Amino acid sequence: MSRSAHPAGPRHADVFPEGHYSAPPADLNALHPKVWAHTVTRNTDGVLTVGGVDVAALAEEHGTPAYILDEADFRERARAWRTAFGADADVFYAGKAFLSRAVVRWLHEEGLNLDVCSGGELATALSAGMPADRIAFHGNNKSVEEIHRAIDAGVGRIVLDSFQEIVRVAHVAQSLGKRQRVQIRITVGVEAHTHEFIATAHEDQKFGIPLAGGQAAEAVRRALQLDGLELIGLHSHIGSQIFDMSGFEVAAHRVVGLLKDIRDEHGVELPEIDLGGGLGIAYTSDDDPREPHEIAKALTEIVTRECEGARLRTPRISVEPGRAIVGPTAFTLYEVGTIKPLDGLRTYVSVDGGMSDNIRTALYDAEYSVALVSRTSDAAPMLARVVGKHCESGDIVVKDAFLPSDLAPGDLIAVTATGAYCRSMASNYNHVLRPPVVAVREGESRVIVRRETEEDLLRLDVG
Ligand code: LLP
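Reading the sequence shown from the start, the letters are residues -3 to 459 in this note's numbering.
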């Protein structure tokens, strides 16, 4: 690691420009427990440790950038969801947030089920030994081949997302001599309070079958008629990174309304209801996520109340948290490469990764917390923008953050809460290699997804 001092330049410790950020924290070395994995602390030398391993050792052994995942924290959060919902409900971890074989094994051991949404996720789940009947298969355009594979493997449920898919799944199931358990994904017409790109239950978007205009009721009619399908319930997912429970309340009200209509029309009480995922996590200390037991209590009460009102038996509830389990358990460890103070603006801190390992800032204006982790510092705070090494000015990892003004090339910094939708959305832009995922636990580190190599890149390039 190079440790040369950066050139002397203007500091902005007392002149901060307008922007969407709060005042500098009182202590830049403090690690706010809300945004860091549970086992994170600083050792007596001021170096951040996680799972009993310090980040200097992690950088030395695994290189940077790297996603560092706290296995004990992951298991604890998974277990907290499982326990909160109890034996009368199911928790399906949403694999899209981050999936690897180690993660599948941890989920299996902790008693969770798994939501997959592509052949690739299905293959990962099956290859790591997740029992097929604990897998739910999602997606708005599953291929016939994927449907075939899922049914053949014996997945516990397929969530139907369109009229075409109702017929396709029934057809494939019949051709395999099976009756597939299915749910129908309903678009309930809720505007979730989140970024437009991750809201999924308002009417003008691609997911699900709208309640509006009787389309969902018609989908149920068709599904009930097909021999290849066993309709077990309805599904609703309203979006992601949501804190306000009112959207779930409206969704549950409308889904239960349809359950009642189905009972009245067909004399059938569907036994299951899935309320999707979407619960928010703390990316900064301003965010206040709810605990799994509060969420479980709120959702169970809403569904029970709605069903009592409609004189229905309360169906078995399931949920699909992704981000809320894996998001807070990991951080991205970067080495600082260059530092450019721009007078009167802010200081640009370039790290050895960027939008290829975290696209969320560029895509959703996501906010993150960042800290100097290879040492502590008493220097005054400077307003920094953490940027990557890609050929784009939009290559921003943390838009506005305070870092110590003596930050220097070779320092290690960590961007927190990058467990969800960072490695899983990583790209090879500029042929930058995707970082490894390193799991730490009880003083040991273990690579669970290895770093990509140039050989990996060239292997695909067969022209
Ligand atoms: N269930 C379904 C049907 C979903 O589509 C999703 C997420 C989940 C569950 C899990 O949601 P979670 O609990 O993780 O919020 N790339 C975006 C998030 C996209 C979410 C897609 N679906 C981001 O980085 O914020």
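Ideal Cβ positions, reconstructed from N, Cα and C, are used throughout, including at glycine.
A quick note: this is a predicted structure, and the numbers were derived from the prediction, not measured.
Boundaries of the beta strand (DSSP E) in which residue i is found, first to last residue
i: Asp396; result: 392 to 400
i: Glu331; result: 326 to 337
i: Ala294; result: No beta strand (DSSP E) contains Ala294, which is instead part of the alpha helix (DSSP H) from 288 to 305.
i: Arg381; result: 377 to 383
i: Glu440; result: 440 to 445
i: Ile269; result: 268 to 270
i: Ile321; result: No beta strand (DSSP E) holds Ile321; the alpha helix (DSSP H) holding it covers 319 to 322.
i: Arg312; result: 312 to 315
Heavy atom of the ligand LLP within 7 Å of residue i beta-carbon
i: Arg356; result: yes
i: Ala247; result: no
i: Gln237; result: yes
i: Pro317; result: yes
i: Ala320; result: yes
i: Tyr360; result: yes
i: Gly274; result: yes
i: Asp402; result: no
i: Asp407; result: no
i: Ala212; result: no
i: Tyr364; result: no
i: Tyr417; result: yes
i: Met421; result: yes
Distance between beta carbons of residue j and residue i, contact taken as under 8 Å
i: Ala435; j: Arg442; result: 5 Å
i: Gln170; j: Gly224; result: 4 Å
i: His386; j: Val428; result: 7 Å
i: Asp391; j: Val383; result: 6 Å
i: Arg356; j: Cys303; result: That pair is no contact at about 37 Å.
Residue i, buried or exposed, once every other Cβ within 10 Å from all chains shown has been counted against 16
i: Val178; result: buried
i: Asp452; result: exposed
i: Ser236; result: buried
i: Ala19; result: exposed
i: Ser389; result: exposed
i: Asp353; result: buried
i: Ala380; result: buried
i: Val393; result: buried
i: Ala4; result: Because the pLDDT of Ala4 is 43, which lies under 50, any placement of that residue in the model is unreliable, and the number read from its coordinates should be weighed accordingly. Ala4 comes out exposed.
i: Ser(-2); result: Only weak support is given to the placement of Ser(-2): the predicted model assigns it a pLDDT of 38, under 50, and the question is left unresolved by the model.
i: Ser0; result: At Ser0 the pLDDT is 39, less than 50, meaning the model places this residue with poor confidence; the figure from the coordinates comes in the next sentence. By the neighbour-count rule (16 or more Cβ atoms within 10 Å), Ser0 is not buried but exposed.
Alpha helix (DSSP H) segment containing residue i, residue limits
i: Glu249; result: It should be pointed out that residue 249 corresponds to His in this sequence rather than to Glu. Counting along the chain, the alpha helix (DSSP H) containing His249 begins and ends at 242 to 262.
i: Glu226; result: Unbroken run through Glu226 is the beta strand (DSSP E), 225 to 231; no alpha helix (DSSP H).
i: Ala80; result: 67 to 81
i: Leu118; result: 115 to 123
beta-carbon residue i near the ligand COA non-hydrogen atom, thresh 7 Å
i: Ser114; result: Absence of the ligand COA from the depicted structure is noted, with the ligand LLP being the only ligands included.
Beta-ladder partner(s) of residue i, from DSSP
i: Asn354; result: None; Asn354 has no bridge partner.
i: Asp84; result: Asp84 pairs with nothing; no bridge assigned.
i: Leu109; result: It is Asn, not Leu, that sits at residue 109 in the sequence shown. In the DSSP output, where bridge partners are listed per residue, Asn109 has Phe88.
i: Val433; result: Tyr63, Val445
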